[in-house]
Amino acid sequence: KMNYTLLRTLSYDPARRRLQNLVVHAKTGTIMDNAYSYDAVSNVLGIKNNAPLPQSGKAGGQMSHSYTYDPLYRLASATGTYAGSNSKTASYTLAMGYDNMHRITSKKQHLSQTGVQFEGTLNAGYELAYTYQKADGKKFQLDNVRDINYRTEETPTDSTNINNGHKYIYDANGNLVYINTSRVKRDGKEDE
Numbered sequence: 001k002m003n004y005t006l007l008r009t010l011s012y013d014p015a016r017r018r019l020q021n022l023v024v025h026a027k028t029g030t031i032m033d034n035a036y037s038y039d040a041v042s043n044v045l046g047i048k049n050n051a052p053l054p055q056s057g058k059a060g061g062q063m064s065h066s067y068t069y070d071p072l073y074r075l076a077s078a079t080g081t082y083a084g085s086n087s088k089t090a091s092y093t094l095a096m097g098y099d100n101m102h103r104i105t106s107k108k109q110h111l112s113q114t115g116v117q118f119e120g121t122l123n124a125g126y127e128l129a130y131t132y133q134k135a136d137g138k139k140f141q142l143d144n145v146r147d148i149n150y151r152t153e154e155t156p157t158d159s160t161n162i163n164n165g166h167k168y169i170y171d172a173n174g175n176l177v178y179i180n181t182s183r184v185k186r187d188g189k190e191d192e
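Here you go:
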């Protein structure tokens, strides 16, 4: 049976009323002590959990996240780290790409973790490339998504990648009616 008593404290920037700090205390101590940072237009630049590391075998840990934006305030990149008890660590990177119509054209994410889900290291990630219909009135309909992903205990290489394609088909009213998924085989040929 779990019995939690949580006490939450929030503090705000007096001028802009943006969240500056969020602290959560449990019976066992502080489990969250998040500090937030922003740019001039209130985009979140970072979140850092300054809570102490948990005791051995307990959940929780210190985390930090950083974000960057392009000149149009769209998310351009993100990075994050985690440190937990028993030398558990994790980190991630994210990169986003857009076209002049604000459509997402690419998304790439990599995650590495040690001792979190199992003893040892896990590397996982994906790279997505998006294309869109070209016909007038359909320029925001997905045409194809190229999906390269991996999940390995080693350093990712081309041989650990899984390369998929997803083709989207629409009816005359613009309703999605079919998705064809294909995979590029080891010989380089695409299987539909």
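Numbers 1 to 192, taken from the UniProt record's numbering, label the letters of the sequence shown in order.
The beta carbon of each residue, even a glycine, is placed where N, CA and C say it ideally should be.
Once DSSP output is grouped into helix, strand and coil, what is the label at ASN175?
Numbered from its first residue, the sequence shown carries residue 175 at position 175. Three-state DSSP puts ASN175 in coil, outside helix and strand.
Take LYS1 and list the residues in its own chain whose beta-carbon comes closer than 6 Å to its own, dropping the five residues that flank it on each side.
In the sequence shown, the residue the question calls residue 1 occupies position 1. Residue placement at LYS1 cannot be trusted, given a pLDDT of 47 that sits under 50; what the coordinates show is reported in the next sentence. Excluding residues within five positions, none has a Cβ falling inside 6 Å.
Contact check, ALA83 vs LEU53 under 8 Å by CB: the rounded distance?
On the sequence shown, position 83 is the one that residue 83 refers to. On the sequence shown, position 53 is the one that residue 53 refers to. About 7 Å; that satisfies the 8 Å criterion.
Contacts around ARG127, its chain only, beta-carbon distance under 6 Å, and the 5 residues preceding and following it disregarded
Start at 1 with the first residue of the sequence shown, and residue 127 comes out as number 127. According to the sequence shown, residue 127 is Glu rather than Arg. Taken in chain order, the residues that qualify are LYS108, ILE148.
Taking the runs of the beta strand (DSSP E) that are 3 residues or longer, which of them lie wholly in the region 124 to 159?
Runs found: 142 to 152.
Three-state secondary structure (DSSP) of SER85:
Residue numbering aside, residue 85 sits at position 85 when the sequence shown is read from its first letter. Helix at SER85.
One question on the structure: do ALA48 and SER64 come within less than 8 Å of each other, judged by their Cβ atoms?
In the sequence shown, the residue the question calls residue 48 occupies position 48. In the sequence shown, the residue the question calls residue 64 occupies position 64. Note that residue 48 corresponds to Lys in the displayed sequence, not to Ala. Note that the C-beta distance between LYS48 and SER64 is below 8 Å.
DSSP-derived helix/strand/coil call for LYS1:
The residue given as residue 1 occupies position 1 in the sequence shown. Caution applies to LYS1, whose pLDDT of 47 falls short of 50 and renders its modelled position unreliable; the value that the coordinates give is listed next. In the structure shown, LYS1 sits in coil (DSSP, three-state: anything other than H, G, I, E or B).
Cβ-based neighbour list, ASN123, same chain, cut-off 6 Å, excluding 5 preceding and 5 following
Counting from one through the sequence shown, the residue named residue 123 turns up at place 123. Around ASN123: SER112, THR152, PRO156.
Can you grab the Cα-Cα spacing for the pair ILE29 / TYR38, in whole Å?
Counted from its first residue, the sequence shown places residue 29 at position 29. Counted from its first residue, the sequence shown places residue 38 at position 38. The sequence given here has Gly at residue 29, not Ile. About 28 Å.
Residues that ALA95 bridges to, as DSSP identifies them
Mapped onto the sequence shown, residue 95 falls at position 95. Beta-bridge analysis with DSSP links ALA95 to SER77, LYS108.
SER77 and LEU94 - do their beta-carbons sit closer together than 8 Å?
Stepping through the sequence shown from its first residue, residue 94 is reached at position 94. Stepping through the sequence shown from its first residue, residue 77 is reached at position 77. A contact, by the Cβ cut-off of 8 Å.
Quick check: the Cα distance between ASP171 and ARG16, rounded to an integer number of angstroms?
Taking the sequence shown and counting its residues from 1, one reaches residue 171 at position 171. Taking the sequence shown and counting its residues from 1, one reaches residue 16 at position 16. Looking at the two C-alpha atoms, the distance is approximately 47 Å.
Under 8 Å between C-beta atoms of TYR168 and GLN141
Locating residue 168 in the sequence shown gives position 168, counting from the first residue. Locating residue 141 in the sequence shown gives position 141, counting from the first residue. Inclusion of TYR168 and GLN141 in the CB contact set at 8 Å is warranted, their separation being smaller than that value.
Quick one: what's got a C-beta closer than 6 Å to ASN144's C-beta in the same chain, skipping five residues either side?
The residue labelled residue 144 in the question sits at position 144 within the sequence shown. THR131, LYS167.
If you reduce the DSSP assignment to three classes, tell me which class SER11 lands in.
As a position in the sequence shown, residue 11 is number 11, starting the count at 1. Strand, per DSSP.
Going by C-alpha to C-alpha distance, which of LEU45, SER42, ASN163 sits closest to ARG183?
Mapped onto the sequence shown, residue 183 falls at position 183. If we check each option's Cα against that of ARG183, ASN163 comes out closest.
Within this structure, are the beta carbons of SER85 and LYS58 separated by less than 8 Å?
The residue given as residue 85 occupies position 85 in the sequence shown. The residue given as residue 58 occupies position 58 in the sequence shown. Yes, the Cβ-Cβ distance between SER85 and LYS58 is below 8 Å.
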